[in-house]
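Below is one structure; the comments refer to it alone.
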Amino acid sequence: MGLPEPLNQQRDTIRDLALEQGLDFFETVFVLVNYRRMCEVASFEGFPKRYPHWRFGMEFERNYKLHGYGLAKIYELVVNNDPCYAYLLEGNSLMEQKMVMAHVYGHCDFFKNNYFFARTNRKMIDTTANHGVRIRRYMDQHGIDVVEQFVDACLSIDNLIDPFAPAARMEDRGDGGLEFNDDPREHQTVPRLKVDKSYMESWINPPEYIAEQRKIKEEKQQEQQRFPEQPERDIMGFLMEFGPLERWQRHILGMLREEALYFTPQRQTKIMNEGWASYWHSKMMTSGLADPDEIIDFAETHSATMATTPGQTNPYKIGLELFRDIEERWDKGQFGEEWNACDDFRQRSNWNRHLGLGREKIFEVRKLHNDVTFIDEFLTPAMIDRLDLYNYRFDPKRGQWIIDSRDPEKVRERLLFQLTNSGQPVVVVEDANYRNRGELLLAHRTDQTGLDKTYAKRTLQNVLTIWQRPVHIRTVDHRGKTIVWSHDGESFGVEKS
Amino acid sequence: MPTESDILNIERDHWRFKEIVKGNIRDNLKEFISNGSILGRRGKDKVSINIPQIDTPRFRYGKKNSGGVGQGSGEPGDSLGGESGEGEGGGKAGQAPGDHELEVDIKINELAEILGEELQLPRIEPKGRKNVTSTKERYNSIRSTGPNSLRHFKRTYKEALRRQVTVGNYNPDNPIVVPIRNDMRFRSWKEEKKPETNAVIIYMMDVSGSMGDEQKEIVRIESFWIDTWLRSQYEGIETRYIIHDAVAREVDRETFFHTRESGGTMISSAYKLASDIISNEYPASDWNIYPFHFSDGDNWSLDDTDVCMALLREHILPSSNIFCYGQVVSAYGSGQFIKDLREHFSKNEQVVLSEIPGRDAIMQSIKDFLGTGK
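Residue numbers (the numbering used here), protein chains in the order written: chain P, 78 to 574; chain G, 118 to 491.
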């Protein structure tokens with residue numbers, strides 16, 4: 078199903094323009110859809126076929142309602158896949174479609190070239206469709222409710238993966254898994270040398286030898302009690318491998334883990350990805366792509382995507398401005414030791430070494446960075462000022478959210494905190510044989526910031542569904558003191574020792 | 118042209134989500150009814166309800182971490198105004214007390230359906246039929262002529278700007294845009310027509326000194342659910358409100374629930390007013406008429422009670438579908454009136470009586486009133 082002719086022509090033009098500018102992307106397939114379809118695909122996170130789950134329906138309800146109230150409009154949607162798929166909204170003006178297509182090519186270039194996407198599954202459209210088929214089949218076999226409940230439990234921990242795990246790990250985690258060895262004989266018998274004639278036994282395996290072997294065995298067991306040997310960040314993978322699961326459950330956990338890993342780089346590069354795409358739509362539209370009579374509409378639409386709301390940051394805006402700033406600085410040579418050492422305001426303002434390295438630099442940045450390193454390296458105090466960034470906090474006295482500070486260091490620190498691990502707490506498996514009873518101890522790696530208790534309770538409940546033994550998490554309370562919360566299926570609370 | 122089918126893959130998930138929401142409401146219906154939080158959250162054809170959260174729980178930072186980075190103008194100490202969004206990047210966890218709840222919209226019809234199923238309410242067979250066609254105007258388009266009061270400022274200026282840029286007399290350094298007549302754009306409307314069958318609910322309430330705030334709250338909650346159910350049964354519903362102490366007067370909804378008078382009680386005054394309204398405005402042949410009366414059961418005198426019975430028998434009952442009397446228990450009321458009604462109308466199925474000792478009894482009372490199927 079191709080695009081209508083006028084759009085088709087524009088697509089070719091924009092594609093050529095993008096290639097000319099040095100963008101490098103997978104072939105991109107555009108699909109024109111109506112708003113209902115757009116809401117559907119957006120609710121499925123970009124994939125036309127997903128496994129059945131109510132949360133997609135919830136998203137759909139929200140998206141469709143927001144549109145109905147005129148509060149939000151989904152202009153475009155791009156899927157990281159080879160070929161890339163992009164959805165265009167029917168009924169948008171030709172100007173809007175041009176802008177969106179230019180934007181899309183920016184995203185596609187980013188998907189293909191950014192280092193953090195290098196290991197993502199480029200056949201994800203097929204993969205998610207296969208997952209759908211498989212989970213539907215499990216629902217037929219085991220019942221919708223049973224499977225849905227298990228999926229709910231898995232989704233509860235789908236942020237507990239190792240975001241930098243090489244994708245290859247996925248294959249390592251087979252579905253065979255290790256079982257805890259409950260065979261009581263295992264604990265008594267020690268290795269003996271082979272005896273052909275029974276009367277030779279006491280000669281070949283003298284008591285001293287047996288005693289020695291027993292000691293070795295005990296030492297080994299002691300070692301094994303610490304399991305996993307190193308704290309494990311990939312909790313989903315760990316449970317998949319070692320949880321007492323049935324085959325179909327292991328499969329589901331594995332599929333959802335694969336999907337979670339696929340989406341991780343998109344969360345890690347939100348600012349960069351949107352900034353990069355905005356940079357390119359803006360560049361192309363203002364250098365000839367938009368017809369003169371379209372330029373005002375373009376300006377309006379573009380400024381709407383750059384708008385900011387109090388208490389929020391706009392990744393499009395921050396990303397775009399940073400890329401432009403980097404380009405300008407590297408064009409003028411505003412970097413390096415000499416630049417850093419200079420503290421004369423006038424000299425800095427007029428600094429221009431005519432290096433012309435800007436374009437090259439931004440392409441390099443889009444290849445090597447993620448949001449955390451991008452902000453860390455390129456969000457200068459001058460940019461924080463220009464972007465009007467501030468810290469806010471809740472003022473309990475006034476019962477209002479207030480602007481706390483505009484100190485660039487604090488803003489930077491806070492923004493980096495928000496971006497680190499996508500703003501989510503880092504949790505690891507600490508001990509899978511906790512209290513020597515096969516219970517699971519998770520540990521929240523924290524510096525003073527504790528977990529939300531209600532959510533921790535509900536999440537632990539779901540972990541328990543998978544682990545099937547009591548589960549615990551170590552974190553800190555509001556005073557910063559270490560505590561352990563436990564859930565044994567019936568009650569939740571601070572661990573009693 | 119779109120060739121894809123109109124049935125979306127998401128429909129199944131959407132349906133499943135709505136089932137979960139409805140199941141949740143059904144499980145907690147009694148609580149929803151008793152605590153009354155549903156009131157005042159009502160739009161034209163839907164209500165928003167807070168249900169216990171059904172999102173997917175994940176580990177997240179606690180309250181101590183609330184706050185974040187924002188963008189825009191303002192000095193340190195300035196309020197951000199409104200609530201800050203629960204956006205990406207987390208870190209803005211835990212704000213309002215209702216934070217662990219999910220607000221969902223549910224159509225009044227669906228709510229009525231749940232109420233109907235849970236209370237096993239029979240469907241009402243409308244008596245009389247009148248087709249009234251109502252017209253409604255919706256402002257949903259733009260045109261180039263119209264009165265100045267409907268002028269679309271932004272579209273007009275955009276048009277002017279477009280023209281000036283095209284003609285070449287727009288100067289970016291001195292960006293003055295002057296619209297001329299052809300640039301003007303105006304809002305425009307369409308008319309929609311809709312047939313209706315009608316019912317009227319007449320709420321009467323005793324507001325004398327003995328009815329306290331809690332009693333009124335009970336009436337308020339109960340009337341909400343009665344509205345909800347009857348609305349699902351009829352296409353057009355009108356509601357009228359009468360308050361009375363020693364004299365009766367018709368008021369609007371707001372006043373109905375918030376007035377407090379002192380002094381005596383003459384129930385007949387309300388019945389008289391109700392029967393006047395019915396005979397003047399709602400011919401029984403065309404309208405389904407539902408008078409509801411709530412009081413604490415005190416009446417001024419036996420004489421007045423006799424007048425009430427006569428009014429009911431001769432004027433109100435002949436034209437109404439049913440007559441419902443709800444007696445809210447109060448510390449001051451004697452509770453006599455319901456006994457009198459029982460005595461006079463015990464064999465008449467048209468008269469439904471219900472005693473409401475407290476909030477928990479509201480559900481049963483609704484069932485008493487609406488379970489008749491009339």
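Note that the Cβ used here is the ideal one computed from N, Cα and C, for glycine as well.
Taking C-beta pairs closer than 7 Å, name the residues in chain P that residue i reaches, listed in chain order.
i	result
H131 (chain G)	G134, F137 and E138
S261 (chain G)	Ordered by position in chain P, no residue passes the 7 Å Cβ test against S261 (chain G), which lies about 18 Å from the chain.
R279 (chain G)	D370 and I373
F134 (chain G)	W131, G134, M135 and E138
G194 (chain G)	I479 and I480
Name the chain G residues whose beta carbon is nearer than 8 Å to that of residue i?
i	result
K530 (chain P)	G179
F121 (chain P)	N126 and I127
Per DSSP, which one or two residues make a beta bridge with residue i?
i	result
S349 (chain G)	S349 (chain G) is not bridged to any residue.
K163 (chain G)	G:K224
Y182 (chain P)	None, per the DSSP bridge assignment.
E306 (chain P)	Paired residue(s): none; E306 (chain P) is not in a bridge.
D323 (chain G)	G:H361
N405 (chain G)	G:A316
E482 (chain P)	Going by the sequence as given, residue 482 (chain P) is Ser instead of Glu. DSSP output for S482 (chain P) lists P:N468 as bridge partner(s).
K307 (chain G)	G:R255
C425 (chain G)	Bridge partners of C425 (chain G): none, in fact.
Around the Cβ of residue i, are there at least 16 other Cβ atoms within 10 angstroms (buried) or fewer (exposed)?
i	result
E415 (chain P)	exposed
R436 (chain P)	exposed
Y178 (chain G)	buried
P342 (chain P)	buried
Q350 (chain G)	buried
L148 (chain P)	exposed
F272 (chain P)	As written in the sequence, residue 272 (chain P) is Val, which differs from the Phe given in the question. Answer is exposed; the Cβ neighbour count stays below 16.
W280 (chain P)	exposed
K209 (chain G)	Its pLDDT being 35, under 50, K209 (chain G) is placed unreliably by the model, and the measurement read from it follows with that caveat. The residue is buried, with at least 16 neighbouring Cβ atoms inside 10 Å.
W407 (chain P)	buried
V284 (chain G)	exposed
T346 (chain P)	buried
H361 (chain G)	buried
At 8 Å on the CB atoms, spell out the chain P contacts of residue i, in chain order.
i	result
L536 (chain G)	There is simply no residue 536 (chain G) to check, as chain G begins at 118 and stops at 491 in what is shown.
S190 (chain G)	D465
L125 (chain G)	R113, R114 and E117
Among the residues of its own chain, which have a CB less than 7 Å from the CB of residue i, if the five just before and after it don't count?
i	result
L94 (chain P)	M361 and L366
E306 (chain P)	none
N438 (chain G)	K244, N405, I406, Y407 and K491
K139 (chain G)	E227 and I231
Skipping 5 residues on each side, what residues in its chain have a beta carbon closer than 8 Å to that of residue i?
i	result
L493 (chain P)	V449, I452 and D453
H269 (chain G)	I259, R302, F303 and R304
I212 (chain P)	Y128, P129, V224, V228, I329 and M332
V110 (chain P)	V118, Y164, L165, L166 and E167
S471 (chain G)	C441, Y442, G443, Q444, Q481, S482, D485 and F486
Q575 (chain P)	The structure shown has nothing for residue 575 (chain P), since chain P only spans 78 to 574.
T273 (chain G)	P296, D300, M301 and R302
R575 (chain P)	In the structure as shown, chain P starts at 78 and stops at 574, and residue 575 (chain P) therefore has no counterpart that could be examined.
I238 (chain P)	R310, D311, I312, M313, G314, R334, A337, L338 and T341
C116 (chain P)	F137, N140, Y141, H144 and I151
Quick one: what's got a C-beta closer than 6 Å to residue i's C-beta in the same chain, skipping five residues either side?
i	result
S355 (chain P)	Y393 and L397
F194 (chain P)	F188 and P342
W342 (chain G)	I483
L267 (chain G)	F303 and R304
V553 (chain P)	T523, G527 and T559
S201 (chain G)	A caution first: S201 (chain G) carries a pLDDT of 43, below 50, which makes its placement in the model too unreliable to give a value.
- prompt: So does the segment 480 to 488 of chain P actually touch the segment 180 to 194 of chain G, counting three or more Cβ pairs closer than 8 Å?
  reply: yes
query: Touching or not, the segment 394 to 406 of chain G and the segment 457 to 465 of chain G, by the rule of three or more beta carbon pairs under 8 Å?
result: no
message: Count Cβ pairs between the segment 541 to 553 of chain P and the segment 504 to 524 of chain P that sit closer than 8 Å; are there 3 or more?
response: yes
message: Could you check whether the segment 119 to 137 of chain P touches the segment 175 to 192 of chain P, counting it as contact only if at least three pairs of C-beta atoms, one from each stretch, sit closer than 8 Å?
response: no
field: Three or more C-beta pairs below 8 Å linking the segment 111 to 122 of chain P and the segment 216 to 236 of chain P
entry: no
query: For the segment 141 to 155 of chain G against the segment 201 to 208 of chain P, are there 3 or more C-beta pairs whose distance is under 8 Å?
result: no
query: Is the segment 363 to 381 of chain G close to the segment 399 to 414 of chain G, with three or more CB pairs under 8 Å?
result: no
- request: Flag this pair as touching only if the segment 376 to 390 of chain G and the segment 320 to 331 of chain G have three or more C-beta atom pairs under 8 Å; answer yes or no.
  value: yes
- prompt: Just checking, does the segment 413 to 428 of chain P make contact with the segment 363 to 382 of chain P on the three C-beta pairs under 8 Å criterion?
  reply: no
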